[in-house]
RNA sequence: GCCCUUGUAGCUCAGCUGGUAGAGCAAUUGAUUUGUAAUCAAUAGGUCCGCGGUUCGAAUCCGUGCGGGGGCACCA
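In this note's numbering, the protein residues as written are 713 to 1351.
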């Protein structure tokens, strides 16, 4: 005689054991129709699960995240079923729900083609139409292993072997012919998935995510509560593609890549201007924050890298070069050893600390070819790098300074939301555990003091110390890791850095590594996508184009162009033999914030007519007023 | 690095089952002198990514290398 407590606090009394479906029916006919899954005392259960005790129950529909998740999970199963029906001999492995959809990994010799994807989709659709009933069975462990081995599903057998013996093994049947080992829960029948799904792509994926294992074929799909949700999702993907920095970079003539140097950027004038603007902005910020800018060699003797530990720990990612005198040099993958050498030059006292050394250093890292991705993952990039040499007692306050600086900078560039990820000691590392203890405690203390949201990444720290990473969220909700702050109690000692303390004894300084943009290249890629190429006026690489209405006004246009440039606003004048409409379209497409139109009216009144990007409103302005207004907007916080 | 996929003019792309290339835009030249998102015409432009093979004949088929894309792994 279970008494069921509903989320609103009401109780339902049943005379006998009851299923979720019966509870839903009791509440309302429409809920029964929409019900997908339920939770019993907070635990998700199949709707046909028999409840025999008092408990609290919540019914979920497609409107709930829990409901949508089960739809996706079932879609993964139905996809696996369709695949095994169409391609006998294919082995199933795992098929979890992911953000916006699901995937399933299969073991099959022949690759799945796009055409196969269509066929699978059609078959899935048929399975949904058949409305196959779902049935859960609990299997005995040994029997399950033996069974899956017998039918040639060696991956499933391996999965079962890795499940703790205490756990119940459940097998879900969808209809009479197909079943899969699965924790569940699942929908009551296949029609509940609906038709708002789509298979999106095939890719390779290592068994158990380990590159030492064989590669399986992963089919990705997306699935939603309604066709409208699916359409909206596909639309969002399309919008994101329009912002792709590789596409915009070409269209806006910012940079290009080519075969001779994969993963290295050929910056064009406009892209490089943007690059320099960001550096100059950062330079001014850092100057105010007490940093000293330096520059150190890009090529350094192998002996230094051996001493620092990079040769051993990072060697396979380093470019090297042998010179005619048979010495081996490495092209720097990081700036730290160079900065320690700057610190080491001349005797340092505790009065010099904290010493904040910064460099816009270009580093080279031999990244795996498959990792390269436009500006976001390159092999040669410029860091806004800095190393802060300080005493142990200064760690926390210096970390806080860095955090404050980073938040200010992200805000100026249009990113309001920032999250912190804290990463502690990795398995491969240098230094004693005692030292690590100290470093981790100090950094975590600083993280807590920022009062920002943070998560912990176990074992993901740098080989020389724990780190935090700053993650920012862009205009369309994607997260990007940019800045980093690392505490290092190892490298300074390895490279013999020391200072004379108050008491006259020699001490090894603590070093903090930090980068705010991280990689300038990557940050620019993110900026392009964040703004969809429509940069705020102050960082726009080309702020204005002066356009004469006809050739008769070329001289006036040139004179305006000169005045605008003199006022520190970047500009070009378009004297090409095209008409006004053509030029407006041309420069609008290359996302110039302001077009300055000059014709008879403007000549007569010594003015320009402004046309802003994405607006067809015209605004006439006296040229001196224009110069005054817009040269004042040439700094952050101006949109 | 691994799996799949892809590489034709400066750009975007067409070129069916093998018969040595085509469009639009851009460029150049000429005409037009234009008031807010493409004026008209003519001209020029290609080792069809590289190398090897099959074939009477390869942009097309096969092999291989390099680059790009989507994932996986990697991201100190």
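All residues carry an ideal CB built from backbone N, CA and C; glycine is no exception. Note that the structure is predicted; figures quoted are calculated from it, not measured.
Under a Cβ-count criterion, where at least 16 other Cβ atoms within 10 Å of its own Cβ denotes burial, should residue i be classed as buried or exposed?
{"i": "residue 1225", "result": "buried"}
{"i": "residue 950", "result": "exposed"}
{"i": "residue 715", "result": "exposed"}
{"i": "residue 1350", "result": "With a pLDDT of 49 at residue 1350, under the threshold of 50, the modelled position of this residue cannot be trusted, and the question is left open."}
{"i": "residue 1211", "result": "buried"}
{"i": "residue 1264", "result": "exposed"}
{"i": "residue 823", "result": "exposed"}
{"i": "residue 1227", "result": "buried"}
{"i": "residue 1140", "result": "exposed"}
{"i": "residue 1336", "result": "exposed"}
{"i": "residue 1231", "result": "buried"}
{"i": "residue 1201", "result": "buried"}
{"i": "residue 973", "result": "exposed"}
{"i": "residue 1293", "result": "exposed"}
{"i": "residue 1260", "result": "buried"}
{"i": "residue 964", "result": "buried"}
{"i": "residue 723", "result": "exposed"}
{"i": "residue 758", "result": "buried"}
{"i": "residue 1113", "result": "buried"}
{"i": "residue 858", "result": "exposed"}
{"i": "residue 1137", "result": "buried"}
{"i": "residue 1080", "result": "exposed"}
{"i": "residue 1305", "result": "buried"}
{"i": "residue 876", "result": "exposed"}
{"i": "residue 1063", "result": "exposed"}
Taking the alpha-carbon positions, what's the residue i to residue j distance?
{"i": "residue 987", "j": "residue 907", "result": "47 Å"}
{"i": "residue 1038", "j": "residue 1219", "result": "37 Å"}
{"i": "residue 1333", "j": "residue 1341", "result": "10 Å"}
{"i": "residue 768", "j": "residue 755", "result": "10 Å"}
{"i": "residue 721", "j": "residue 1222", "result": "57 Å"}
{"i": "residue 1125", "j": "residue 1010", "result": "29 Å"}
{"i": "residue 970", "j": "residue 978", "result": "8 Å"}
{"i": "residue 843", "j": "residue 852", "result": "28 Å"}
{"i": "residue 1024", "j": "residue 1018", "result": "7 Å"}
{"i": "residue 1161", "j": "residue 1196", "result": "17 Å"}
{"i": "residue 900", "j": "residue 910", "result": "21 Å"}
{"i": "residue 1236", "j": "residue 1319", "result": "35 Å"}
{"i": "residue 753", "j": "residue 886", "result": "26 Å"}
{"i": "residue 1191", "j": "residue 1029", "result": "26 Å"}
Residue i lies in the alpha helix (DSSP H); which residues open and close that run?
{"i": "residue 785", "result": "777 to 798"}
{"i": "residue 1275", "result": "1266 to 1278"}
{"i": "residue 1290", "result": "Unbroken run through residue 1290: none, as it is neither H nor E."}
{"i": "residue 817", "result": "Residue 817 -> not in any alpha helix (DSSP H); beta strand (DSSP E) instead, spanning 813 to 819."}
{"i": "residue 1108", "result": "1107 to 1124"}
{"i": "residue 1186", "result": "Looking at the DSSP string, residue 1186 is not in any alpha helix (DSSP H), and its letter there is neither H nor E."}
{"i": "residue 860", "result": "853 to 862"}
{"i": "residue 836", "result": "826 to 842"}
{"i": "residue 1051", "result": "1048 to 1056"}
{"i": "residue 1236", "result": "1232 to 1243"}
{"i": "residue 958", "result": "957 to 963"}
{"i": "residue 1145", "result": "1145 to 1162"}
{"i": "residue 871", "result": "866 to 874"}
{"i": "residue 1316", "result": "1312 to 1317"}
Report back the beta-carbon spacing between residue i and residue j to the nearest angstrom; my notes put them in contact at under 8 Å.
{"i": "residue 817", "j": "residue 747", "result": "Going by Cβ atoms, the distance from residue 817 to residue 747 rounds to 30 Å, so no, they are not a contact pair."}
{"i": "residue 815", "j": "residue 807", "result": "7 Å"}
{"i": "residue 1184", "j": "residue 1129", "result": "7 Å"}
{"i": "residue 761", "j": "residue 731", "result": "6 Å"}
{"i": "residue 840", "j": "residue 882", "result": "About 23 Å; that fails the 8 Å criterion."}
{"i": "residue 1208", "j": "residue 1056", "result": "7 Å"}
{"i": "residue 802", "j": "residue 819", "result": "7 Å"}
{"i": "residue 1257", "j": "residue 1203", "result": "In fact, because the Cβ distance is near 49 Å, the residues do not count as touching under 8 Å."}
{"i": "residue 1084", "j": "residue 975", "result": "5 Å"}
{"i": "residue 836", "j": "residue 794", "result": "5 Å"}
What are the boundary residues of the beta strand (DSSP E) that includes residue i?
{"i": "residue 994", "result": "Not the beta strand (DSSP E): residue 994 falls in the alpha helix (DSSP H), residues 981 to 1000."}
{"i": "residue 1206", "result": "Taken as a continuous stretch (DSSP letters only), residue 1206 belongs to no beta strand (DSSP E), being part of the alpha helix (DSSP H) at 1203 to 1206."}
{"i": "residue 1070", "result": "1067 to 1076"}
{"i": "residue 1085", "result": "Segment: none, residue 1085 is in no beta strand (DSSP E) and carries neither H nor E."}
{"i": "residue 1172", "result": "It is not in any beta strand (DSSP E) - residue 1172 carries neither H nor E in the DSSP assignment."}
{"i": "residue 883", "result": "881 to 886"}
Entirely enclosed beta strand (DSSP E) segments - the segment 722 to 786, minimum 3 residues: Fully enclosed beta strand (DSSP E) runs of 3 or longer: 723 to 725, 749 to 752, 755 to 757 and 767 to 772.
Complete runs of the alpha helix (DSSP H) confined to the segment 996 to 1042 [at least 4 residues]: As far as the segment 996 to 1042 is concerned, its whole alpha helix (DSSP H) runs of at least 4 residues are 1014 to 1020 and 1022 to 1026.
Any alpha helix (DSSP H) of 4 or more consecutive residues that is wholly inside the segment 911 to 945: Fully contained in the segment 911 to 945 is no alpha helix (DSSP H) run of length 4 or more.
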